[in-house]
Amino acid sequence: MQLPSSLLENAVNEFSKLPGIGKKTALRLVLHLLKQEPGEVQQFGEAITRMRQEINFCRRCFNVSDGETCSICSNALRNQRLICVVENLRDVIAIESTQQFSGTFHVLGGIISPLDGIGPDQLNIESLVHRVAQEGTEELVFALNPNIQGDTTIYYIQKKIKHLPCKVTTIARGIAFGGELEYADELTLGRSLTNRMPIDNYI
Ligand SMILES: [Zn+2]
Numbered sequence: 791m792q793l794p795s796s797l798l799e800n801a802v803n804e805f806s807k808l809p810g811i812g813k814k815t816a817l818r819l820v821l822h823l824l825k826q827e828p829g830e831v832q833q834f835g836e837a838i839t840r841m842r843q844e845i846n847f848c849r850r851c852f853n854v855s856d857g858e859t860c861s862i863c864s865n866a867l868r869n870q871r872l873i874c875v876v877e878n879l880r881d882v883i884a885i886e887s888t889q890q891f892s893g894t895f896h897v898l899g900g901i902i903s904p905l906d907g908i909g910p911d912q913l914n915i916e917s918l919v920h921r922v923a924q925e926g927t928e929e930l931v932f933a934l935n936p937n938i939q940g941d942t943t944i945y946y947i948q949k950k951i952k953h954l955p956c957k958v959t960t961i962a963r964g965i966a967f968g969g970e971l972e973y974a975d976e977l978t979l980g981r982s983l984t985n986r987m988p989i990d991n992y993i
């Protein structure tokens, strides 16, 4: 793509580094910004710079935070003895959007994946084990993706805390709402039967 200005080209290159943004989309976004008032574009740039420079990660759960402790960990109305273990921040946002969970989180920062060279030491696992022991956690709910890496991670953490009096659960796995039984894979359908629940809990 030949651009008439190196400034324009730089901006397009930066935008096209973002996930899901190709050169054409990057150019469209940059040209859109070029039409805005300089003050507005400055505000846009500052929001991004400040977000990256000033954001903190909660030292208890590793969620994003404006201070040392995130708004979930410092909320007395949330059950501080219930921890939902997730892979990343997107999962926290997804679960929070359901408004069905009133406990706290622990963001692992990834999952154990030997093929990708990710071992337990690179994740926030030690801090989770420490937390469960120190805080008298009553229940750990795993909300990890249903795949081999997710199961390996659950198995590893479960072994690490098995001496502690903490209940360990995982989110239900089964047929998606609106899905059709005949198109479900055997593993999913099988697990749905194993994890069947009383109808009172379902409705
Ligand atoms: Zn927190």
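Quick note: the sequence shown uses our numbering, first residue 791, plus one each step. A virtual CB, placed ideally from N, CA and C, is assigned to each residue, including glycine. Keep in mind it's a predicted model, so treat the numbers as computed, not measured.
Would you tell me roughly how many angstroms separate the C-alpha atoms of residue i and residue j, rounded to the nearest one?
i: residue 975; j: residue 870; result: 37 Å
i: residue 877; j: residue 898; result: 5 Å
i: residue 854; j: residue 820; result: 28 Å
i: residue 973; j: residue 952; result: 37 Å
i: residue 955; j: residue 918; result: 14 Å
i: residue 811; j: residue 791; result: 15 Å
i: residue 826; j: residue 988; result: 57 Å
i: residue 960; j: residue 902; result: 17 Å
i: residue 813; j: residue 835; result: 20 Å
i: residue 866; j: residue 801; result: 44 Å
i: residue 930; j: residue 923; result: 12 Å
i: residue 859; j: residue 895; result: 12 Å
i: residue 905; j: residue 949; result: 21 Å
i: residue 799; j: residue 913; result: 37 Å
i: residue 984; j: residue 965; result: 12 Å
i: residue 804; j: residue 879; result: 23 Å
Compare the C-alpha of residue i against each of the options and name the closest.
i: residue 881; options: 868, 852 and 906; result: 852
i: residue 935; options: 894, 927, 944 and 848; result: 944
i: residue 889; options: 868, 909 and 938; result: 868
i: residue 875; options: 856, 927, 832 and 933; result: 933
i: residue 958; options: 946, 990, 966 and 965; result: 946
Under 9 Å between C-beta atoms, does residue i make it to chain D?
i: residue 899; result: Looking for chain D here will not work: only one protein chain is present.
Let me know the secondary structure DSSP gives residue i once reduced to three states.
i: residue 957; result: strand
i: residue 800; result: helix
i: residue 877; result: coil
i: residue 908; result: strand
i: residue 852; result: coil
i: residue 898; result: coil
i: residue 805; result: helix
In the DSSP assignment, find the unbroken beta strand (DSSP E) run with residue i in it and report its ends.
i: residue 930; result: 929-932
Classify residue i as buried or exposed, calling it buried when 16 or more other Cβ atoms lie within 10 Å of its own Cβ.
i: residue 915; result: buried
i: residue 849; result: exposed
i: residue 816; result: buried
i: residue 862; result: buried
i: residue 839; result: exposed
If I follow the unbroken alpha helix (DSSP H) through residue i, where does it start and stop?
i: residue 942; result: 938-950
i: residue 834; result: 828-844
i: residue 981; result: 976-984
i: residue 815; result: 813-825
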